[in-house]
Amino acid sequence: MLLQKFPFTRSAMGGGGDGDWVLPSTCPAADITLVLVGKLVLRDNLIFSMSHLYSLLASPLYLVLVFSTGLFDMNVATEAVRKEIVKCMDMSRDGIHAMLMVFSATSRFTAEDAETIESIKMFFGDKIVDHMILVFTYGDQVGEATFETMLTNKDAVYLQRMVKLCGNRVILFDNKTSDVPQQQKQLEKLLDTVDSVIQRNDGKPFSNQMLIEIQEAHDRKKEISFERYSGKDIPKSKKEQYDEYLTEITKLVLEKLNRAIESLQKQLLEEQKERKRSEEEMRKLWERLEKLKWMEDTTDFFQGKKCTVIQFQKELLKT
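If you want it as structure tokens, here you go:
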């Protein structure tokens, strides 16, 4: 996962050899916070495509970009992932202007994808949907027509419901195009969509009680800057203050996360029970149908035999 804050200027776009972005030494408070969620965020190079946004901005604009790969994967609830979630929430403490849910257009929308969205709704609350944008990558491989078919497929009921809830905010990204006008066109669409989300919410970023409490904890702690210290030279008092702050927000986030996981697991368990009940009811229905069919066939058989006996008796009387 990549968590980064930077201004969209050419100098800030240089990346390290490991793919991480270089963080400017001084970075003011962000104007806009974007959270990108999806296992494909880095693999699809969406971050590199978005780096071209600097050419579209009329004035310097500072963003917080929170990238995650499987951040809300309920099957990977490791300590490392939990720590990254805490970092994500800390960086988003000022509120989230838009959340980009990233999926691949080359594969069908799965139950796991749906669970990711549901887990996020449980974690942040249903109002987060008002700030969601659905982003599908590999548009250059599937094409507009195939993508439209994917969205309108009769089996994609959940996806269609989410598209409606998100106000039809759906973007298809070309990953490998080298056509600069096309790159700018799709990034302009993304920026316009983000702007529409902000306007729709009266310029107010998404926030909830958890983010408010994190912000309050952040405000309570004294300003801590480690930039002029090497790791071993950090004053103990500052280190303790920072550790206390991390402990406090970690507790806040993990309590919320655990409730979300518990709620999702409960929901999945109920769905499994309901599915089993439906399967059992269907099995019993088939058994009844089979029994009725057997009775009908048996009745027809004996009706036929009865007709044959009556016909034979009539023939005997004639003689």
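The sequence shown begins at 1 in UniProt numbering and counts up one residue at a time. C-beta atoms are modelled at their ideal positions from N, C-alpha and C, and glycine is treated no differently. Just so you know, these numbers come straight off a predicted model, no measurement behind them.
- Counting only the Cα atoms, asparagine 168 lies some 13 Å from aspartate 192.
- Nearest C-alpha to lysine 121 among Met101, Gln199, Ile249: Met101.
- About 23 Å separates the CB atoms of serine 104 and phenylalanine 124; that is not less than 8 Å, and the two are not in contact.
- In the three-state reduction of the DSSP assignment, phenylalanine 123 falls in the helix class.
- Taking valine 86 as reference, the option from Gln267, Leu211, Glu279 with the minimal CA-CA separation is Leu211.
- Of all alpha-carbon atoms in Gln267, Gly95, Glu281, Ile117, the one lying nearest the alpha-carbon of isoleucine 133 is that of Ile117.
- Apart from sequence neighbours up to five positions away, no residue of its chain approaches valine 180 with a beta-carbon distance below 8 Å.
- Judged by DSSP secondary structure, serine 196 falls within the alpha helix (DSSP H) whose first and last residues are 180-200.
- Put simply, of Glu280, Glu188, Val253 the residue whose alpha carbon is nearest the alpha carbon of alanine 217 is Val253.
- Out of Ala98, Glu280, Leu264, Glu287, the CA that lies nearest to the CA of glutamate 112 is found in Leu264.
- Within 10 angstroms of the beta-carbon of methionine 91 lie 16 or more other beta-carbons, which makes it buried.
- Secondary structure note for isoleucine 214: its alpha helix (DSSP H) is the uninterrupted segment 209-220.
- Selection Glu279, Glu240, Asp94 evaluated against glutamine 215 yields Asp94 as nearest (Cα-Cα).
- When C-alpha distances from glycine 143 are compared across Met282, Trp286, Thr247, Thr177, the shortest belongs to Thr177.
- Here the alpha carbons of arginine 161 and glutamine 241 stand approximately 46 Å from one another.
- The criterion of a C-beta distance shorter than 7 Å is not satisfied by valine 170 and alanine 98.
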